[in-house]
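These notes are about the structure you will find just below.
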Amino acid sequence: MAIIAVVGAGVAITESVQRMVSDRTYQVLRIEALGTIAQLRARIESEINSVLFLSHGLISYVTIHPEIEPPQWKALAREIVGNSQYVRNIGLAPDNVLLFMYPLEGNEAAIGLDYEKNEQQWPAVSAAIDARKMVLAGPLTLIQGGNGLIARTPIYSDAIVTGTDQYWGLASVVIDSDALFKSAGLDRVINGYQIAIRGKDGKGAEGEVFYGDPAVFDAPLVQMSIEFPNGNWVVGAVPAENASPVWMNTGLVRVLAYGILAVLVSLLIALVRLYHNSHGEAMHDALTGLPNRRLMLERVNQLIALHDRTGLNFTLYFIDLNEFKPVNDRYGHLAGDALLKTVGQRLSAVIRGSDTVARTGGDEFMLLQAGVGKPADAQNVIGKLQEALQEPMVYRGVEVNISAAVGYAVFPADAQGLDELIRVADDRMYTAKKVSRSR
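For the sequence shown, full-length UniProt numbering assigns the number 1 to the initial residue and increments by one for each residue that follows.
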């Protein structure tokens, strides 16, 4: 009986350890998968947003100069196509009729296309116009071969300066999605995990699967959102079929049960650090969903380089909330989070589709506007920002006042480099804050 009891206890302990190791191993694999797709997400987001932002210079130019002539068009379009290995072609359609195309070679038949009369393309174009924002369609099969994304952006002439809201036409950018995904390191199996992406036409979890096996989303080990302007995709991962999950090798687990526990602790720590490091590479603020400081500074540098080639001016704004800490102290951090989200939403609601607003610190935001190159125009924008923020936020039945100090710097009138631009905008913001406190 004693022998049976010892054997039974040994079996019970061994099986208990095996189950514990199996559970812990599953968590390890999940964290490892998160690290893998977090890095993939960061690379894809960076590639897509870089391409889309290049086109913002053209859109800003047309906004300020609606009577664009072929020489200016060709110079700007050549610059955009030449600076991105993924742009197949770019076009402008004043009043929804395609009159400008670059490169023209191989696309001559598209000139004169009236989108309103094209049954296949008009629904997507109409959706972009109705949304008053860029709409990313695809991936879809291109007539020229391969797969691509089509970014369509409605243009409203001179809206920020004159206050008018006149529809000018449409800009379209065709992106080689095959080349973009390859450059980002996308493959059907990465680090032992089968990868799939859904959300065609930017519809996220509701969209169809356009890369990989749809069965991945039947029971994904992990999934994560890939964000881009006005849409998103969802990337999912499961262990690849040819992988051999450790928890299935029960004999090895039972033999090494006690030793594996110590190894797993170290492995978990390393993988958690890997996950957090990879997650930190993402380009958006987790709380507000806005671009973060890294993405903002990347776009400022792109506009500086674009100015050297095209002469396009831009303005950078620093927005610092007043009395934010008392909100946290008085109502709690959930109220502070709600206030930051509200500020982000209000700022996003009053800017153009080609502008970038980012959360860059605890209570700090930045706004980047191409084509705004005069102090008077910048002051006009500041007035609109202040007006958007002045209405109190209602939090659990209590009105919470919102105010901010705003500083700006115009490139190249105020500064000729990134560091100097930031310093000027920051100094003006603190001057505005001192003035508001003295009132």
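Note that the Cβ used here is the ideal one computed from N, Cα and C, for glycine as well.
Here the structure is a predicted model, which means the values were calculated and not measured.
### Message
When you compare the CB positions of Gly81 and Ile68, do they come within less than 8 Å of one another, or not?
### Response
Strictly speaking, residue 81 in this sequence is Val, with Gly absent from that position. Cβ distance not < 8 Å, so Val81 and Ile68 don't count as in contact.
#### Entry: Span separating the alpha-carbon of Arg428 from that of Gly407
4 Å
### Task
Kindly list the residues whose CB is nearer than 6 Å to the CB of Met248, restricted to its own chain and excluding five residues on each side of it in sequence; keep chain order.
The predicted model places Met248 with a pLDDT of 49, which falls under 50 and marks its position as unreliable; any figure quoted below should be read in that light. Same-chain partners within the cutoff: there are none.
### Task
Report, in whole angstroms, the separation of the C-beta atoms of Leu99 and Ile111, which I expect to be a contact under 8 Å.
7 Å
### Message
Going by the DSSP bridge assignment, what does Ile197 pair with across the sheet?
### Response
Tyr211, Val235
### Query
What number of angstroms, rounded off, separates the C-alpha of Thr288 from the C-alpha of Val7?
58 Å
### Query
When the Cα atoms are used, what is the spatial distance from Lys200 to Asn232?
9 Å
### Task
Please name the residue or residues paired with Lys384 in a DSSP beta bridge.
None, per the DSSP bridge assignment.
### Query
Between the Cα of Val300 and the Cα atoms of Ala127, Leu54, Ile44, which residue gives the shortest distance?
Leu54
### Task
For the beta strand (DSSP E) holding Leu98, just list the boundary residues, first then last.
That residue, Leu98, is in no beta strand (DSSP E); it is neither H nor E in DSSP.
### Query
Excluding five sequence neighbours on each side, which residues of the same chain lie with their C-beta closer than 6 Å to the C-beta of Gln223?
Val234, Gly236
#### Entry: Cβ-based neighbour list, Glu79, same chain, cut-off 7 Å, excluding 5 preceding and 5 following
Arg309, Thr310
### Task
Count the C-beta pairs between the region 386-402 and the region 329-346 that are closer than 8 Å, then say yes if the count reaches three, no if not.
yes
### Message
Just to confirm my understanding: we take Leu306, look at its own chain, exclude 5 residues before and 5 after, and list those with CB closer than 7 Å. What are they?
### Response
Gly57, Leu312
### Query
Could you check where the alpha helix (DSSP H) with Gln416 kicks off and where it finishes?
Unbroken run through Gln416: none, as it is neither H nor E.
### Task
Could you tell me which residues DSSP pairs with Ala137 in its beta bridges?
Ile150
### Message
Applying the 10 Å Cβ sphere with the 16-neighbour rule, what's the burial state of Pro291?
### Response
buried
### Query
So what does DSSP say about Glu227, is it helix, strand or coil?
strand
### Query
Closest to Gly371 by CA distance: which of Ala358, Glu387, Gly353 is it?
Gly353
### Message
Only counting the same chain, and skipping five residues up and downstream in sequence, which positions put a Cβ closer than 7 Å to that of Ile269?
### Response
Model confidence at Ile269 stands at a pLDDT of 49, short of 50, so the residue's coordinates are unreliable; what they give is reported in the following sentence. Closer than 7 Å at Cβ, skipping near neighbours: no residue.
### Query
For Leu261, which three-state DSSP category applies?
Bear in mind that the predicted position of Leu261 carries a pLDDT of just 49, short of 50, making it unreliable; the figure below should be weighed with that in mind. If DSSP states are grouped into helix, strand and coil, Leu261 belongs with the helices.
### Backbone CA spacing between Lys74 and Ala196 [nearest angstrom]
38 Å
### Query
Under a Cβ-count criterion, where at least 16 other Cβ atoms within 10 Å of its own Cβ denotes burial, should Gln27 be classed as buried or exposed?
exposed
### Task
Please state whether DSSP places Ser354 in a helix, a strand or coil.
coil
### Query
If you follow the alpha helix (DSSP H) that Gly82 is part of, which residue opens it and which one closes it?
70-82
### Task
Taking the CB atoms as reference points, tell me whether Ala33 and Leu221 lie closer together than 8 Å.
yes
#### Entry: Residues near Arg293 by beta carbon distance below 6 Å, same chain, minus five either side
Thr360
### Task
Could you spell out where the alpha helix (DSSP H) holding Gln302 opens and where it closes?
293-310
### Query
Short check: CB of Leu40 to CB of Leu186, under 8 Å?
yes
### Query
What distance in whole Å lies between the Cβ atoms of Ser172 and Ile150, which are believed to be in contact at a cut-off of 8 Å?
6 Å
### Query
If Ala388 and Ala349 are in contact, beta carbons under 8 Å, what's the gap, nearest whole angstrom?
7 Å
### Cross-strand partners of Ile175 (DSSP beta bridge)
Val87, Leu149
### Message
If the criterion is Cβ atoms closer than 8 Å, does the pair Tyr156 and Thr63 meet it?
### Response
yes
### Query
Does the beta-carbon of Thr431 have 16 or more other beta-carbons within 10 angstroms, so that it is buried, or is it exposed?
exposed
### Beta-carbon proximity of residue 446 to Met366, cut-off 8 Å
With the chain represented from 1 up to 439, any question about residue 446 goes unanswered, as that position is not in the structure.
### Extent of the continuous beta strand (DSSP E) run through Phe411
404-411
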